[in-house]
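Chains as they are written, first to last, in the working numbering: chain A, 2 to 115; chain B, 19 to 133.
For glycine and all other residues, C-beta sits at the position ideal for the given N, C-alpha and C.
Okay, structure first, notes after.
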């Protein structure tokens with residue numbers, strides 16, 4: 002069984018300040034972990050992925066995430082928020098049981114103030 | 019860049035009517051997913067195909083929903099009859115093989131409103 006918990010439903014930051022979106026997971030096997038971003042009325046876009054290589058993963062648009070097995074966490078960070086980062090962010094866990102079946106978190110809405 | 023195509027983008031229907039959504043995955047992608055996303059929530063997997071075979075449809079309300087991928091390429095999701103609670107975004111995604119088999123690429127979705 003697998004599950005993912007996004008600890009904040011909303012995160013509000015000022016433009017130019019750091020972003021932290023928190024994600025904890027539970028998995029019986031070694032997981033693959035992903036962050037996706039969704040802008041209003043759009044599909045989901047992959048930001049970054051962890052698949053058992055380097056624990057610090059760099060993604061698009063300046064985002065990073067660090068896989069911490071001891072804490073079962075995969076938090077998403079960005080040093081400096083931009084107005085265009087305002088969107089919904091989803092953490093996803095997926096394990097292989099023959100086929101990969103993903104589980105989504107409920108999402109974190111990132112609000113960026115000027 | 020290859021994309022997952024979905025149509026229509028928007029659909030308004032009355033309850034008890036039938037609706038259908040279409041998805042064309044990225045060429046060569048064997049795995050296709052249909053998700054339902056209710057406003058303010060994360061996507062919920064409805065059905066997953068590997069080629070033309072169903073891998074997981076445990077969350078698909080089979081009394082009213084059906085999905086097919088007859089030739090292992092494009093797919094259709096049908097709701098009959100539609101209910102008010104079916105109003106949501108329906109997302110299609112696909113993934114490839116090898117190291118990319120667990121990376122999903124999403125279409126823009128179909129937003130369904132049931133009146």
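Linking residue 56(B) to residue 130(B) through their CA atoms gives a straight-line distance of about 10 Å. Membership of residue 74(B) in the beta strand (DSSP E) is indicated by the continuous run 71–74.
Using a 10 angstroms sphere on the CB of residue 133(B), the tally of other CB atoms stays under 16, which defines it as exposed. Apart from the 5 residues on each side of it in sequence, residue 103(A) sits with its Cβ closer than 8 Å to the Cβ of 35, 93, 94, 95 in its chain, given in chain order. For residue 94(B), same chain residues with a beta-carbon under 6 Å away, outside a window of 5 residues either side, are 38, 40, 86 in chain order. In the displayed model, residue 104(B) falls within a helix according to three-state DSSP. Taking 9 Å as the cut-off between beta carbons, the residues of the stretch 58–74 of chain B near chain A are 58, 59, 60, 61, 62, 63, 66, 68, 73, 74, in sequence order.
In terms of CA proximity to residue 59(B), 11(A) leads the group 11(A), 2(A), 79(A).
Around the beta-carbon of residue 102(B), fewer than 16 other beta-carbon atoms lie within 10 Å, marking it exposed. With a cut-off of 8 Å on Cβ pairs, the stretch 21–35 of chain B is not in contact with the stretch 47–59 of chain A, counting fewer than three such pairs.
Taking C-beta separations shorter than 8 Å and ignoring five residues to either side along the sequence, the partners of residue 101(A) in its chain run 33, 95, following chain order. In terms of CA proximity to residue 97(B), 106(B) leads the group 106(B), 124(B), 116(B). Distance from the CA atom of residue 55(A) to the CA atom of residue 88(B), rounded to whole angstroms, is 39 Å. The three-state reading of DSSP puts residue 62(A) in helix, counting H, G and I together.
In this structure, the alpha-carbon of residue 112(A) lies about 17 Å from that of residue 24(A).
Scanning the stretch 7–60 of chain A for uninterrupted beta strand (DSSP E) segments of 3 residues or longer gives 11–15, 20–22, 24–28, 33–39, 45–51, 57–59, listed from N- to C-terminal end. When 8 Å is used as the limit between beta carbons, residue 109(B) is near these residues of chain A: 44, 45, in chain order. For residue 42(B), the three-state secondary structure derived from DSSP is strand.
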